[in-house]
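Number 69 in full-length UniProt numbering belongs to position 69 of the sequence shown; there are no gaps in the numbering. These notes concern the structure reproduced below.
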Amino acid sequence: MNLYPDLGMGLRPNHSSSIPSLNLSSPTNSQRPNLPSYVNEELLRSSSSENSFVNAISNGTLLSPARQKLSLPSFLPSPSRFIQQLPASPASLLLSPLLKKSDTEKSLASSSSLLNNDDETNLIEHIDHYFTRRRQYLQHNIDVSLNISKWVLENIVFYSVETLRRQAQIQSESSRSYLTPLSAIRMIYTMKYQQGSGVLWKGCFSSLILTTAETITDNLIDEIAPFNDPSLRIKHISLKTISSFLLIPMYSVHLLRSIQSDLTIVNHWSPLTIFIEPFQRLLGIKTGFYARALPLWYLISLSLPYFVGRHALQYFLNQYFFKIREEHFHRKEQSTNPDRDQFETIDDIECRLIDTIPNLVNQSFLRIEANIFSVFLSSFLLYPYETILNRLFVQGTRTIVDNLDKTGVGCVPINTRYEGVFDCCRTIIETEGSCGRGFFKGIGFLILKFGLIYASAHCLKIVIERLAIIYTQNTSELGKFHHYIISKQDQEPQSNQYESN
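If you want it as structure tokens, here you go:
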């Protein structure tokens, strides 16, 4: 049953402007159909303090022919029972315009006799908690949908951009730096045209393993020692250092698998490689690609400050961006948010819930937006140090990467002999430009990746908003209230007949 005949394609006009307000002093409406006789008889049994309310119902001033609304059920003879609810509850806002002050004072004395009415209490609790319960359920589903969408975009859909970024980052002899997104787009198209789409997703499976392990460890650390608690920050950083110490060897294997050219791969890669090869390097067993690699203990000592510092920087940037965006959102919401005192019928509660869906989606998108900006800015600020680390990880591993210099055809070996961090910095400045362009090689891919993630997440936000509106309309629980009231109205005449007999 369509409860909202004025809705079209998920869009609804302003509810308060299209529906007349409820006013007991308005003239009677002759177009309203008469109520059933047993309903009128039941209403006439109400107390004398509510004669004005009963006359309004029998004369037809409570319902409008433009839209059928659900008013008070006939088995609730004392509407003042709702006044005892919380001041901001939907039930009190729903029925407060229907009660006069004089009627309220007279009927409060008789309300104690209704407290034992299980049917009345059950209905009141449903009405009071309906708006809050539905809002929390929608908020949870919207949060989960946006977070899953952002995770898929970052780790699967746009992982291809990350692959080419790392290849451009470690090529010290390349004449192109790819500092702008336009040059990055040109190279992505060239690589896809020359070697196919599969070359853009090298190492995607190992990336998913590493990302999953990092997500699990971060969640455990947040449960044990939240970073927002100042007294537990030292413990949080210590646990993050331990987890980074365990994940850096896996990162070294994933880095090589993501940049190695498909033209040089002979054996198929096994998922167990990301767990076996790090222990071989830690134990000093240098075979295969790692015959001339630097000691992994030395690389771990250089990488720990980077990973722990990036984690802390992301947290503070995330909190800063979220605080700014949340203040702007609340100011905008207060200027455009309708008054909650507009509840007139139970239908208005559902309509108000639909009206709040855009605000729920925008509020959930604030965290996604803050996370995207914090990750991008932290990666941008630490990009020079990441370039040094990746070059040291690849050095001596006999890795051959795709040629990104001109046409994207052919392979280029990585032949570097850095003695350490300072020697790598000095060599980059001397051979790749005094302005430090070599430290930012491939940063155009980073800008392109997060720009695409933000644009795609914004489009998905609009889609999720439309789906949430459609879902709310199709899963409305107003039919339960209607069915409950109609069933009680049908039971009242039968019970009266038995009593008369």
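Built from N, CA and C at the ideal position, the CB exists for glycine as well. All values derive from a computational prediction rather than experimental measurement.
Per the Cβ contact rule, the stretch 305-318 is in contact with the stretch 381-398 (3 or more Cβ pairs under 8 angstroms). Your pair residue 174 and residue 437 does not check out as a contact, with CB atoms roughly 11 angstroms apart and the cut at 8 angstroms. When the five nearest sequence neighbours on each side are left out, the beta carbons in the same chain lying within less than 6 angstroms of the beta carbon of residue 373 are those of 321, in order along the chain.
C-alpha of residue 281 to C-alpha of residue 131: approximately 58 angstroms in a straight line. A distance of 8 angstroms or more separates the beta carbons of residue 208 and residue 224.
In the three-state scheme derived from DSSP, where H, G and I count as helix and E and B as strand, residue 413 is classed as strand.
Under DSSP, residue 400 shares a beta bridge with 413. Restricting attention to 194, 134, 181, 149, the CA atom closest to the CA of residue 403 is found in 194. The stretch 447-454 makes no contact with the stretch 412-419, as fewer than three CB pairs between them are under 8 angstroms. Cβ atoms of residue 357 and residue 138 come within 8 angstroms of each other, at about 7 angstroms. The Cβ atoms of residue 401 and residue 261 lie closer than 8 angstroms to each other.
For residue 202, there is no enclosing alpha helix (DSSP H), as DSSP gives it neither H nor E.
Under the three-state reduction of DSSP output, residue 466 falls in the helix class.
For residue 280, the enclosing alpha helix (DSSP H) has its first and last residue at 273-282. Apart from sequence neighbours up to five positions away, the residues of its chain that approach residue 278 with a beta-carbon distance below 8 angstroms are 249, 250, 252, 253, 296, ordered along the chain. 8 angstroms or more divides the Cβ of residue 442 from the Cβ of residue 213. Look at residue 174 here: in three-state DSSP terms it is coil, with no helix or strand label.
One alpha carbon belongs to residue 180, the other to residue 154, and they sit about 20 angstroms apart. Ranking 300, 458, 351 by CA distance to the CA of residue 361 puts 458 first. If you draw a 10 Å sphere on the C-beta of residue 203, you find 16 or more other C-beta atoms in it, and that means buried. By the Cβ-count criterion, residue 394 is buried, with 16 or more other Cβ atoms from all chains shown falling within 10 Å of its own Cβ. Residue 243 and residue 329 have their alpha carbons spaced roughly 36 angstroms apart. DSSP, read as helix, strand or coil, puts residue 425 in helix. A Cβ-Cβ contact shorter than 8 angstroms links residue 446 with residue 165. Where residue 370 is concerned, the enclosing alpha helix (DSSP H) starts and stops at 357-381.
Residue 134 places its beta carbon less than 8 angstroms from that of residue 353. Under a 10 Å Cβ-count criterion, residue 215 is classified as exposed, with fewer than 16 other Cβ atoms of the shown protein chains found around its own Cβ. For residue 184, the enclosing alpha helix (DSSP H) starts and ends at 181-195. A straight-line Cα-Cα distance of about 19 angstroms links residue 417 and residue 301. For residue 249, the enclosing alpha helix (DSSP H) covers residues 233-259. Check the Cα spacing between residue 311 and each of 218, 163, 205: the tightest is with 218.
Pairing residue 160 with residue 199, the inter-Cα distance amounts to about 8 angstroms.
The C-alpha of residue 273 lies about 19 angstroms from the C-alpha of residue 163. Residue 188 is positioned such that its CB atom lies no closer than 8 angstroms to that of residue 259.
Taking a 10 Å sphere around the C-beta of residue 475, we find fewer than 16 other C-beta atoms and assign the residue as exposed.
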